[in-house]
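> Could you have a look at this structure, given as structure tokens, before my questions?
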Amino acid sequence: MARATIPNIEVCSGCHDPEEPMTNPVSAEEKKLGNYIKGQQKIPWVKIYTVPDFVYFSHSAHVTIGKQQCIFCHDDMTKRIKPLSKQLIKIKMQRCIDCHIKNQVVHKCTTCHK
């Protein structure tokens, strides 16, 4: 089974402050997000980015250990006023391999393919 975790409200609240909206006027989507943050509620994400069933992907490894910025795979969300409805950056194996080689990270097949 493919695994790619999604951020929790602690991650979202790192940029989004319900008391200081990013959009003016405040968008309906930002109001919704603010309510989730204020209520410490789990966000009912709509899955847009997917990986095949035979691929193992860990956001934690890429963000925490690899120090990758979200923007590398997910575009610059600070320029968006609405949630995405489709992938903006296609996730292709060659993109992953190139990044692993550039950053001198293990790029054996079994690192990502299970």
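Each residue of the sequence shown is one higher than the one before, starting from 79 at the first, in my numbering.
All residues carry an ideal CB built from backbone N, CA and C; glycine is no exception.
Because the structure is a prediction, the values reported are computed rather than measured.
So what does DSSP say about glutamate 88, is it helix, strand or coil?
Glutamate 88: helix per DSSP, three-state reduction.
> Mind checking who valine 133 pairs with in its DSSP beta bridge?
Valine 133 pairs with His191.
> Tell me the DSSP bridge mates of glutamate 98?
The partner list for glutamate 98 (beta bridge, DSSP) reads Asp95.
> Does the separation of the CB atoms of glycine 112 and proline 96 fall below 7 Å?
For glycine 112 and proline 96, yes; Cβs fall inside 7 Å.
> With a CB to CB cut of under 7 Å and the five nearest residues on each side skipped, what residues in its chain are close to aspartate 153?
Within the same chain, aspartate 153 has close Cβ partners Leu166 and Ile167.
> Roughly how many whole angstroms lie between the Cα atoms of histidine 140 and threonine 128?
Using only the alpha carbons, I get a separation of about 16 Å.
> If cysteine 151 and isoleucine 169 are in contact, beta carbons under 8 Å, what's the gap, nearest whole angstrom?
Yes, cysteine 151 and isoleucine 169 are in contact; Cβ-Cβ is about 6 Å, under 8 Å.
> Determine the contact status of proline 161 and glutamate 98, defining contact as a CB-CB distance below 7 Å.
Not a contact, by the Cβ cut-off of 7 Å.
> Three-state secondary structure (DSSP) at histidine 52?
This structure cannot settle anything about residue 52, because the visible part of the chain is limited to 79 through 192.
> Compute the distance between the beta-carbons of histidine 178 and histidine 185, then report whether it is under 7 Å.
The answer is yes: Cβ separation under 7 Å.
> Please state whether the Cβ-Cβ distance between isoleucine 115 and isoleucine 87 is less than 7 Å.
For isoleucine 115 and isoleucine 87, yes; Cβs fall inside 7 Å.
> Taking 7 Å as the CB-CB limit, is valine 129 close to chain D?
The structure shown has no chain D; it contains just one protein chain.
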